[in-house]
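Residue numbers (my numbering): 28 to 941.
This is the structure:
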């Protein structure tokens, strides 16, 4: 009978199904997160680009190709060049000149013929605001019926289906807004003298389908009439006149030759759905090719030598690229940190499996198994679990985040799966490359580190210091390279290596004096905690890297929130603001105080028309009640000042608003105003004709009531009676109800809320997407760090359980066992927690000079509150440290409790090598 050998993989999976399931869950989750990251980047960068293009005016983002009739052509040739068929052929040539990845939205694109100059009409029934005749712009666009709804009448036609330069009577349509403004209706006749008089009859009124779309952006006058100013001598009042648009039939274009200069045009609208952030460089190249490159040369050859292409799309792409370039490195920092911690966890999982099977693998090596064969079996065993799990994680990421590229997500999932598959075989090959008769002690530390380890640690230290120095000098958004993205991670690596080298030393020093203490728990805990090995590096690396990335991420999010809060407070002046041009009703403050969340209402009277008598320059003056206004300035941080310095002096007025123009009032001024007037007294003429005499006694950069660099603030009680009535109310409160405030204010004034102003700074999906990715990366890093801590504790759990069992046979109680495990874990957890706090704080302090958060906070490179910097967030430092301590102590106490329930007999089995 032949012996049957059981398959290795099936046997191992049946022997340890729990470990296989745990590995599959870990790989699936990690592969899902890794694959989701590039897809999330694609989604929010694409959304940001599309929003940037859609928000820009259609006449800016469109590509306008225009060409005048070639000079020297006879009349017949010029007429033929303006007819629909040659224009359609030119449209196809223009489409062919556009290179990929720029895709044209043909539904919104248009072409046709239009006059370059407006033609005055002598019709008296057209409105004449200042006596000047209205003027008309003539255009013959293709596809009018597809982009407008007919409201009355019919679309224009050409008698006989063909027009020429000698045609004098035409039909036209106008938009509803043009008809309403210029008093037109179906049947109206407009005479246009021009070079040759034309008579245009309005046959229909149309409503644009998409008034803001590209079709109607070739010339806005064709959609909405424009009131323009006639040029005149400087200083003289300018006369105004109306300019409207008449939409002719496409076949009527040749008739424009005799009335005004004309051009052929082809307006191409980009398709927003086909725009992708990854194609930004290609899009810029495609736009440049049409404007002044090979595309324009093809247009000269196929359309006209006089063809010209203009667009503002390149400016939109440049602005978007600058925003993406500023935000990208910050997201890379979070991704590198979370990826490092996840990789460490995968390596620890492989190391834990190798340690658990050390005796098994050593026996196989002793019985003749080769290192290559052993590693191959372990690779096959792991791949059977990891590859399907990685595919499952990739599939989950693809379903959760559709509409992005597949290849980057696929490579990310493959990388995770490869690390998971190779961790155990490589660890086993390194540990069992030599056949051992017996194993060394697992808890013993080498007295001296190997030269290879020392060189590796010094190399990492040099790289980290170089990355930090590059970041400090050049900044994260100035082409510092991928090394900068790893700078916070490398700072955590340095701390982990230093901590592993240093923390056993004081513990070993305390172990000797601790022997004099009563009881064996304390000395035994210190002796065991002081024994460490190189295997401790990975858990500490995961913890400190997570600490550093969490601190860095918390500082980024905190700095962004702080910059937005400061900018919103500066713009509003308080939590809410109610203002009007004239004075506000006297009962409005009482009504606003009854609104939900309102605690204080501070009144101010702002005179924007106050002028200095000498040069007549306007200077905003705010009259306030010093006590309440000083309290508001202190709460908001906008130019706090002592109220007594601004209070009107005795004799400056007999009551509210009863001041004298001769009394000198103390004033708070901006630096620019203070530099102009110094400390001398000066007079100010108010909007109501009164005069106030002021002297600047306080200088502040900002003040709540007035936004700008020029302002004066005085005690309103010292101003002349009736001057600067309250027209600004500054509200302080929590969770203010915008609807309630607007209902209370009614039509009396405009309501501005700080919360709404703050929300307005999140102007692009690039900002919100980067914040979400950053938050998710920090959360994932924290989760993997906790998992790394649990794996570290699980790797030594059998040894600790066996130790407790042996000590219980010697009389150790359960309470003493719990204290032993807790005290043994604290000397490692406390340095890790304190080192993590110190490392996170140091990373923020070191890297903050090179990190500018202005773009991600404000969506622009300029901020009203200056440069947005990293700000140390205490919560992001304290919460992980406390979590590490609680988790470590909790696991140690739970293990002691569970070991006590099992009993010493179950732990001390014959032949157990633990």
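Note that CB positions come from ideal geometry on N, CA and C, so glycine has one too. On a predicted model such as this, the values are computed, not experimentally measured, just so you know.
Contact under 8 Å by Cβ, residue i with residue j
| i | j | result |
| --- | --- | --- |
| residue 944 | residue 72 | Nothing about residue 944 can be read from this structure; the chain reaches only from 28 to 941. |
| residue 788 | residue 657 | no |
| residue 270 | residue 185 | no |
| residue 278 | residue 192 | no |
| residue 718 | residue 710 | yes |
| residue 272 | residue 431 | no |
| residue 249 | residue 95 | no |
| residue 907 | residue 573 | yes |
| residue 49 | residue 416 | no |
| residue 518 | residue 491 | yes |
| residue 494 | residue 904 | no |
| residue 785 | residue 592 | yes |
| residue 860 | residue 368 | no |
| residue 897 | residue 514 | no |
| residue 690 | residue 720 | yes |
Proximity to residue i [Cα-Cα], best of the options
| i | options | result |
| --- | --- | --- |
| residue 455 | 364, 382, 447 and 485 | 382 |
| residue 317 | 400, 125, 58 and 105 | 125 |
| residue 203 | 221, 236, 764 and 380 | 236 |
| residue 252 | 923, 210 and 44 | 210 |
| residue 342 | 841, 83 and 629 | 83 |
| residue 745 | 673, 103 and 405 | 673 |
| residue 780 | 414, 694 and 604 | 604 |
| residue 647 | 432, 894, 402 and 732 | 732 |
| residue 393 | 599, 460 and 183 | 460 |
| residue 694 | 796, 714, 398 and 670 | 670 |
| residue 667 | 179, 600 and 614 | 600 |
| residue 68 | 103, 304 and 50 | 304 |
| residue 435 | 909, 70, 187 and 847 | 70 |
| residue 715 | 637, 771, 740 and 734 | 637 |
| residue 370 | 445, 344, 401 and 400 | 445 |
| residue 9 | 869, 796 and 884 | The question about residue 9 has no answer, for the chain in this structure spans 28 to 941. |
| residue 306 | 902, 345 and 37 | 345 |
| residue 776 | 798, 140, 143 and 606 | 606 |
Cβ-based neighbour list, residue i, same chain, cut-off 7 Å, excluding 5 preceding and 5 following
| i | result |
| --- | --- |
| residue 107 | 113 |
| residue 129 | 297, 310, 313 and 314 |
| residue 522 | 571, 862 and 866 |
| residue 882 | 350, 353, 354 and 888 |
| residue 255 | 267, 268 and 270 |
| residue 226 | 195, 196, 216 and 218 |
| residue 602 | 758, 759, 760, 763 and 781 |
| residue 662 | 759 |
| residue 698 | 726 and 728 |
| residue 135 | 240, 241, 242 and 296 |
Burial state of residue i (16 or more Cβ within 10 Å)
| i | result |
| --- | --- |
| residue 239 | exposed |
| residue 640 | exposed |
| residue 742 | buried |
| residue 575 | buried |
| residue 774 | exposed |
| residue 729 | buried |
| residue 358 | buried |
| residue 921 | exposed |
| residue 119 | exposed |
| residue 45 | exposed |
| residue 375 | buried |
| residue 911 | buried |
Spatial neighbours of residue i in its chain, beta-carbon cut-off 8 Å, leaving aside the 5 residues before and after
| i | result |
| --- | --- |
| residue 916 | 849, 852, 853 and 856 |
| residue 233 | 171, 175, 176, 177, 178, 182, 200, 201, 202, 203 and 274 |
| residue 767 | 622 and 623 |
| residue 40 | 47, 408, 411 and 412 |
Close-in-space but distant-in-sequence residues of the same chain around residue i (CB under 6 Å, 5 per side omitted)
| i | result |
| --- | --- |
| residue 447 | 54, 373 and 413 |
Report yes or no: do the segment 279-293 and the segment 308-322 share at least 3 C-beta pairs separated by less than 8 Å? Too few Cβ pairs lie closer than 8 Å, so no.
Three or more C-beta pairs below 8 Å linking the segment 793-812 and the segment 584-600: Contact between the segment 793-812 and the segment 584-600 is present, because at least three Cβ pairs lie under 8 Å.
Under 8 Å, with one C-beta from each stretch per pair, do the segment 167-178 and the segment 239-249 reach the 3-pair mark? yes
Under 8 Å: do the segment 751-759 and the segment 623-636 share three or more Cβ pairs, one atom per stretch? yes
Quick check: the segment 74-93 against the segment 324-339, are there 3 or more CB pairs under 8 Å? yes
Can you find at least 3 beta carbon pairs, one from the segment 417-429 and one from the segment 62-69, that sit closer than 8 Å? yes
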